[in-house]
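Q: The following block contains the structure, expressed as structure tokens.
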């Protein structure tokens, strides 16, 4: 058992089963569906309300996501915010046990395409994160809230999101890294 | 907003436990890696799809079984606003490839030492702030298009949920078998 936790990598089927069972637990014990992106709105909203309370305490979107029934806001630091913060530590523990904890600024594939510049990667990551959450909030969820939780409940909204997201990501990856270019750098794939 | 900022300790503790397990699983699965996520969309690494489809199938069986036995009160789904779901999904896909993580895996990647993921999270917070400013105009223009509320595939297709889950399971398992055979033949493609 301890040996399992020390492995660097688990089978995707084992991990997927774990996430599936975790979703049973959140439903049964907590009455919640796994999700991560709403709390980004909560955190950003708290920041905006701290800076300019007059403008943002009546913000339509913040009230839509965090409005309390009797008026005002329900807690911003809620179940999902705790989950989001704990995600960092869960991954840290896993990486530490599996000896895969490693400081990385520029991922290998990015460096292959855009070079080793840290600044360039950070600019890309910032822009990517910005676009990502904008899309998630428009769609009403992200890979966990829509993709996994909504998908497993057979929600129409989630399957529409999942298909649109996947198609767009395939096209974007093709535009950035080339469509069907099966030979590049150290990643040669020899068809037998 | 700041009067009742924190939820009760029990709720926070349950959220934290869920996050610890979720983050642990994501990291062990390798889906906290930029290369693994981006290579899914280049069809060179199917870890993301294998993980998600397994979670969906296992999750669906349990949730619909608990629903049928009355162990849970009901589902917890997002409203179908087809234009918003589609356009949001298209935008999300671009962000997912440029950042190389999704919101949850970016947080988990930060935990394993990926510094670029932290920058991505900061970008995401700005994105969320800007979204809350522009939302009223989207609510007027795009949101009403194809708005059907909280509907599920069994309701829309009038096909029993168990038939859909069985079909999904067959599709997923067939895909997994095909992928595993293919990867055994070309071990370098994974």
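Residue numbers (my numbering), protein chains in the order written: chain H, 1 to 192; chain G, 1001 to 1190. All C-beta atoms in this analysis are idealised placements derived from N, C-alpha and C, irrespective of residue type, glycine included.
(1) Measure the alpha-carbon distance for residue 1066 (chain G) versus residue 5 (chain H) and round it to whole angstroms.
(2) Quick check on DSSP: helix, strand or coil for residue 69 (chain H)?
(3) Using 8 angstroms as the cut-off, can you tell me whether the segment 1122-1132 of chain G makes contact with the segment 147-159 of chain H, which would need three or more C-beta pairs spanning the two stretches below that distance?
(4) Taking the CB atoms as reference points, tell me whether residue 1025 (chain G) and residue 15 (chain H) lie closer together than 8 angstroms.
(5) May I ask which residues mark the beginning and end of the alpha helix (DSSP H) holding residue 130 (chain H)?
(6) Does any C-beta atom of chain G lie closer than 8 angstroms to the C-beta of residue 54 (chain H)?
(7) Residue 137 (chain H) and residue 41 (chain H) - do their beta-carbons sit closer together than 8 angstroms?
(8) DSSP on residue 174 (chain H), reduced to helix/strand/coil?
(9) Could you give the C-beta distance for residue 1028 (chain G) and residue 159 (chain H), rounded to a whole number, given that I count them as a contact under 8 angstroms?
(10) I'd like to know whether the C-beta atoms of residue 1173 (chain G) and residue 173 (chain H) end up nearer to each other than 8 angstroms.
(11) Check whether the segment 109-126 of chain H touches the segment 1046-1063 of chain G, counting contact only when three or more Cβ pairs, one atom from each stretch, lie closer than 8 angstroms.
(12) Strictly under 8 angstroms for the Cβ-Cβ distance: is residue 116 (chain H) near chain G by that measure?
(13) If you measure from the beta carbon of residue 111 (chain H) to each beta carbon in chain G, is any gap under 8 angstroms?
(14) Would you kindly work out how many angstroms separate the C-alpha atoms of residue 107 (chain H) and residue 1034 (chain G), rounded to a whole number?
(15) Distance, Cα to Cα, residue 141 (chain H) vs residue 1107 (chain G)?
(16) Check each candidate in G:1131, G:1117 and G:1001 and name the one with the smallest Cα separation from residue 1096 (chain G).
(17) What residue from G:1152, G:1147, G:1114 and G:1126 has the CA that sits closest to residue 1082 (chain G)'s CA?
(18) Counting only C-beta atoms, is residue 1068 (chain G) closer than 8 angstroms to chain H at any point?
(19) Given that a residue counts as buried once 16 or more other Cβ atoms are within 10 Å of its Cβ, and exposed if not, what is residue 1064 (chain G)?
(20) For the alpha helix (DSSP H) containing residue 1028 (chain G), name the first residue and the last one.
(21) Given a cut-off of 8 angstroms, decide if residue 1132 (chain G) and residue 91 (chain H) are closer than it, judged by their beta-carbon atoms.
(22) Could I get the ranges of all uninterrupted beta strand (DSSP E) runs contained in the segment 1101-1149 of chain G, with 3 residues as the minimum, in chain order?
(23) Beta carbon of residue 75 (chain H), beta carbon of residue 1006 (chain G): below 8 angstroms?
(24) Does residue 69 (chain H) get closer than 8 angstroms to chain G when you measure Cβ to Cβ?
(25) Name the two residues that bound the continuous alpha helix (DSSP H) containing residue 1178 (chain G).
(26) If I follow the unbroken alpha helix (DSSP H) through residue 1050 (chain G), where does it start and stop?
(27) Please confirm whether residue 192 (chain H) has its beta-carbon closer than 8 angstroms to some beta-carbon of chain G.
(28) With a threshold of 8 angstroms between beta carbons, is residue 165 (chain H) in contact with chain G?
(29) Starting from the Cα of residue 79 (chain H), find the closest Cα among G:1157, G:1015, G:1171 and G:1050 and give me that residue.
(30) Quick one: which chain H residues come within Cβ less than 9 angstroms of residue 1154 (chain G)?
(31) Name the one or two DSSP bridge partners that residue 77 (chain H) has.
A: Checking against the coordinates, here is how it stands:
(1) 30 angstroms
(2) coil
(3) no
(4) yes
(5) 118-139
(6) no
(7) yes
(8) helix
(9) Not quite, the Cβ-Cβ distance comes to about 27 angstroms (not below 8 angstroms), so this is no contact.
(10) no
(11) no
(12) no
(13) no
(14) 6 angstroms
(15) 16 angstroms
(16) G:1117
(17) G:1147
(18) no
(19) buried
(20) 1009-1029
(21) no
(22) 1147-1149
(23) yes
(24) no
(25) 1161-1185
(26) 1047-1068
(27) In this prediction, residue 192 (chain H) has a pLDDT of 38, which is less than 50 and means its spatial position is unreliable; what the coordinates show is noted afterwards. At least one chain G Cβ lies under 8 angstroms of residue 192 (chain H).
(28) yes
(29) G:1015
(30) 154
(31) G:1006
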